[in-house]
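*Asks:*
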Amino acid sequence: MTPFPPAITAESPSLTSLQPLIQQLQGGDFHEKWNTMKALVQLGDVAIDPLLACLADLDLDPLDLDPLDLGPLDLDPENDEEDSDETLWELPWFIAQTLGQIRHPRALTALVHLVHHHPSREVAQVAATALAHLGEAALPALRALIQEPATRLHGVQALAHMRDPGVVDLLLEAVTAEESSVRALAIEALGGFLDPRIAPAFAQALQDPMPQVRQGAIVGVGLRSSALDSTWLIQQLSPLLWDLNLAVACQAATALGRLGLDAGVAPLLSLLDLPVALPLQRAAIQALNTLATTSALQGLETYLWVCLDRPEAMPQALAQEILGSLGTWAKSPQRGAAIALLLRFLQNSAGNPDHSTLKQLAAHSLGQLGHDSTLPALILLLGDPHGGVRLHAIAALKQINGDRALAQLHHHQQHPQAPWDSPPIQAGIALALAEWHP
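For the sequence shown, my numbering gives the first residue as 1, with consecutive numbering after it.
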């Protein structure tokens, strides 16, 4: 048995259907080219030789593809003059896409040639990605690409799409490259593999002088956190919370949250102790909400009261972030504790006109948490002088349990008792009922 299917010739039955497809690929608009590509992919291996011949006719550089003599097949009868701008990138882009989806080994040389010689970065990149679709057979070619500075990035981009174990050796080689973009992409791609050699590479990349490499390493560590020692992870990521590059620090906070380790709470809370950049403090709050542990909630409550008690020292944006994000605890075992925190805040903020935005956020979070026990507190909010607070309370009542909330509203209107008998609350109840059935 031959390793590849027999080559087609001018007498092949499939040639009749291939000729108009190739012509459409060359002369059609983008939409027509896209549909033609899908048709050629469905034809499979028999489309390889016409596609290679079409690439050879582009006359980019001498290309040793050994295309077949296709006899009377005229690949481009009306376009023998100078190539258009679209031909310079669009046609080879579609050919590379098609070759990658057909996944035939004979396409390898052509794709490598496009990576090396085509002037369009987009074409070179899609050709490299198509190489990745060829699997293990493409590894020698990809090794050659990453050894040359001009094609190294494209080679690593292709490797990042592969899950063959042989890729690990090449990516480990790429993490020592001179180009920081190559190192960043390679270290992030290594996050998809389980290999004991990867941890030292991560440790080195987390200390890389270039921020984009450190950021890529943080992403990579997060992808394979289940395979790494939790103590080691905390030790490696915590110092990066204080990285001079804000994006790196925020990425480290996000990674600590996704680890799901309670040991990450203390480093994240430390960011709220000092006047660091507000985006970083917001990232820390979001990470603590992702952790959703008891100690994380206790820390958030502590800083909420600090923000409320010392508004001149702590930005109110942090209090807004805390209250607005507690609705994400709906599936956490600490859901009840999050609800209790929100209810304590509403009780302490009753009658405070400066907390209108905060009360709206608290009502929204209670709506997301969705527990019937919060309906009485939300009905009390209907007496707030701020219209936005009342509207958020109504929305939360509907979201939690519309039927039960409506029954309670009718009850408090028909049988008013303290604390629901005050004129502002009764007016709010009337407003809610009017909103319910406009």
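Using N, Cα and C, we set each Cβ at its ideal position, and we do this for glycine too.
Helix, strand or coil: how does DSSP classify alanine 338 here?
*Replies:* Three-state result, alanine 338: helix.
*Asks:* Suppose the cutoff is 7 Å on Cβ atoms and the five residues either side in sequence are ignored; what does the same chain contact list for glutamine 125 look like?
*Replies:* Hits under 7 Å: His154 and Gln157.
*Asks:* If we count the other Cβ atoms within 10 Å of its Cβ and call it buried at 16 or more, is phenylalanine 345 buried or exposed?
*Replies:* By the neighbour-count rule (16 or more Cβ atoms within 10 Å), phenylalanine 345 is buried.
*Asks:* Does DSSP put valine 123 in a helix, in a strand, or in coil?
*Replies:* Helix at valine 123.
*Asks:* Which word fits tryptophan 34, buried or exposed, when buried means at least 16 other C-beta atoms lie within 10 angstroms of its C-beta?
*Replies:* Exposed, because fewer than 16 other Cβ atoms sit within 10 Å of the Cβ of tryptophan 34.
*Asks:* Can you grab the Cα-Cα spacing for the pair isoleucine 146 / isoleucine 394, in whole Å?
*Replies:* In a straight line, the C-alpha of isoleucine 146 is about 60 Å away from that of isoleucine 394.
*Asks:* Less than 8 Å between the beta carbons of leucine 21 and threonine 36, yes or no?
*Replies:* In this structure, threonine 36 lies closer than 8 Å to leucine 21 by Cβ.
*Asks:* Taking 8 Å as the limit between beta carbons, can you name the residues of its chain near leucine 139, skipping five residues before and five after?
*Replies:* Hits under 8 Å: Asp164, Gly166, Val167 and Leu170.
*Asks:* Who are the near neighbours of alanine 252 in its chain, counting only those whose CB is closer than 6 Å to its CB and skipping five residues on each side?
*Replies:* Correct list, in chain order: Ile218, Leu237, Leu240 and Leu241.
*Asks:* For arginine 390 and arginine 258, I'd like the C-alpha separation in whole angstroms.
*Replies:* Cα to Cα, arginine 390 sits roughly 35 Å from arginine 258.
*Asks:* Less than 8 Å between the CB atoms is what I'm expecting for isoleucine 425 and leucine 380, so what's the real figure, rounded?
*Replies:* With a Cβ gap of about 7 Å, isoleucine 425 and leucine 380 count as contacting.
*Asks:* On the three-state DSSP scale, how would you describe histidine 410?
*Replies:* Three-state DSSP puts histidine 410 in a helix.
*Asks:* Curious, which full-length beta strand (DSSP E) runs of at least 3 residues does the stretch 209-292 contain?
*Replies:* Counting whole runs of 3 or more residues, the stretch 209-292 contains no beta strand (DSSP E) stretch at all.
*Asks:* With H, G and I counted as helix, E and B as strand and the rest as coil, what does DSSP make of serine 349?
*Replies:* It is helical.
*Asks:* Following the continuous alpha helix (DSSP H) through histidine 161, name the residue where it begins and the one where it ends.
*Replies:* Here histidine 161 belongs to no alpha helix (DSSP H), and DSSP marks it neither H nor E.
*Asks:* Using a Cβ distance threshold of 8 Å, determine whether the stretch 305-318 contacts the stretch 289-296, with at least three qualifying pairs required.
*Replies:* No, the stretch 305-318 is not in contact with the stretch 289-296.
*Asks:* What separation, rounded to the nearest whole angstrom, lies between the Cα atoms of alanine 110 and glycine 28?
*Replies:* In a straight line, the C-alpha of alanine 110 is about 22 Å away from that of glycine 28.
*Asks:* Roughly how many whole angstroms lie between the Cα atoms of isoleucine 234 and leucine 244?
*Replies:* When rounded, the distance between both Cα atoms is 19 Å.
*Asks:* Quick one: using the 10 Å Cβ neighbour count with 16 as the cut-off for buried, is threonine 151 buried or exposed?
*Replies:* Buried, because 16 or more other Cβ atoms sit within 10 Å of the Cβ of threonine 151.
*Asks:* What three-state label does DSSP hand threonine 98 in the structure shown?
*Replies:* Threonine 98: helix per DSSP, three-state reduction.
*Asks:* Using only alpha-carbon positions, find the residue among Leu99, Leu194 and Gln204 that is nearest to valine 41.
*Replies:* The candidate whose alpha carbon is nearest that of valine 41 is Leu99.
*Asks:* Just the Cα atoms here: how many angstroms apart are leucine 91 and alanine 132?
*Replies:* Computed Cα separation, rounded: 20 Å.
*Asks:* Leucine 272: which of Gly264, Ala263 and Arg282 sits nearest, CA to CA?
*Replies:* Nearest C-alpha to leucine 272: Arg282.
*Asks:* When the Cα atoms are used, what is the spatial distance from glutamate 148 to alanine 363?
*Replies:* So the two alpha carbons sit approximately 58 Å from each other.
*Asks:* Considering only their Cβ atoms, is the gap separating alanine 160 from valine 175 smaller than 8 Å?
*Replies:* No, these two residues do not count as a Cβ contact at 8 Å.
*Asks:* Whole angstroms is fine: what's the gap from histidine 118's alpha carbon to isoleucine 198's?
*Replies:* Their Cα atoms are separated by approximately 34 Å.
*Asks:* Measure the alpha-carbon distance for leucine 144 versus glycine 192 and round it to whole angstroms.
*Replies:* In the sequence on display, residue 144 carries alanine and not leucine. Going by the C-alpha atoms only, they are around 22 Å apart.
*Asks:* Alpha carbon to alpha carbon, how far is alanine 96 from glycine 135?
*Replies:* Rounded to whole angstroms, alanine 96 to glycine 135 spans 15 Å at the Cα level.
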